[in-house]
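The sequence shown maps to residues 172 to 312 in the working numbering.
In this text, a Cβ means the ideal position worked out from N, Cα and C, and glycines have one as well.
Notes follow the structure.
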Amino acid sequence: MPRDLSPSETAERIAGDGGVAVAAHPYRFWSGLGERSTLSAKFAAYEVRNARTSRAANERAERLAAGQNVGRTGGSDSHFLREHGRAFTILDAGPSSLGTVLEAIASGRTSAEGVDRGPKETAVYVTKCVSEWIVRGMRRI
């Protein structure tokens, strides 16, 4: 996808290419998509469990997905090998293939499980993000 497309344009292009657009960590502090952007596009699913997102933000994403009747996904968002598998998507589908996975997500036959980012991890993350932002001259990435 080209950079700087709106969420709506991005979701449309993904669907047009045969993919399933998922709103990633809608409520994560600093790098989340945000509720307005999430609702502005036709996402097939919302990421409701992200291992690098706080419990409160993950719970808000779950409530939003329930209210919009969209699929739910989970992801580790791992940056290190030890983080793999900390959050994941459970499919209510038959034998796995790319097609059955995409169809299960698009039709809402999924759930998400795993861990959330704890308070200590959140404090470290916020400190890192703010420090990097200041070093960049307070400009977005």
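If you draw a straight line from the alpha carbon of residue i to that of residue j, how long is it in whole angstroms?
i, j, result
"Gly279", "Val241", "6 Å"
"Val191", "Lys213", "10 Å"
"Glu284", "Ala186", "25 Å"
"Ser211", "Thr293", "28 Å"
"Thr181", "Pro173", "8 Å"
"Met309", "Gly203", "18 Å"
"Leu176", "Arg234", "26 Å"
"Ser179", "Ala195", "14 Å"
"Ser267", "Ile305", "45 Å"
Does the distance from the CB of residue i to the CB of residue j come in under 9 Å?
i, j, result
"Ile276", "Val193", "yes"
"Ala264", "Arg243", "no"
"Glu123", "Arg223", "As shown, the chain starts at 172 and ends at 312. That puts residue 123 outside it, with no answer to give."
"Arg288", "Tyr296", "yes"
Checking contacts by CB at 9 Å: is residue i closer than that to chain D?
i, result
"Glu303", "Judged by its chain identifiers, the structure shown contains no chain D, having just a single protein chain."
Thinking C-alpha only, which one of the options is nearest residue i?
i, options, result
"Asn229", "Ser211, Arg311, Gly205", "Gly205"
"Pro290", "Pro266, Trp304, Phe200, Leu252", "Phe200"
Could you check if residue i is buried or exposed, using at least 16 other CB atoms within 10 Å of its CB as the buried criterion?
i, result
"Thr209", "buried"
"Ser302", "exposed"
"Pro197", "buried"
"Ser225", "buried"
"Thr281", "buried"
Segments of 3+ residues assigned as beta strand (DSSP E) that fall wholly inside the region 251-312: The region 251-312 contains these whole beta strand (DSSP E) runs: 258-262, 281-285.
Any alpha helix (DSSP H) of 4 or more consecutive residues that is wholly inside the region 172-258: Taken in chain order, the complete alpha helix (DSSP H) segments of 4 or more residues contained in the region 172-258 are 178-187, 206-211, 226-239.
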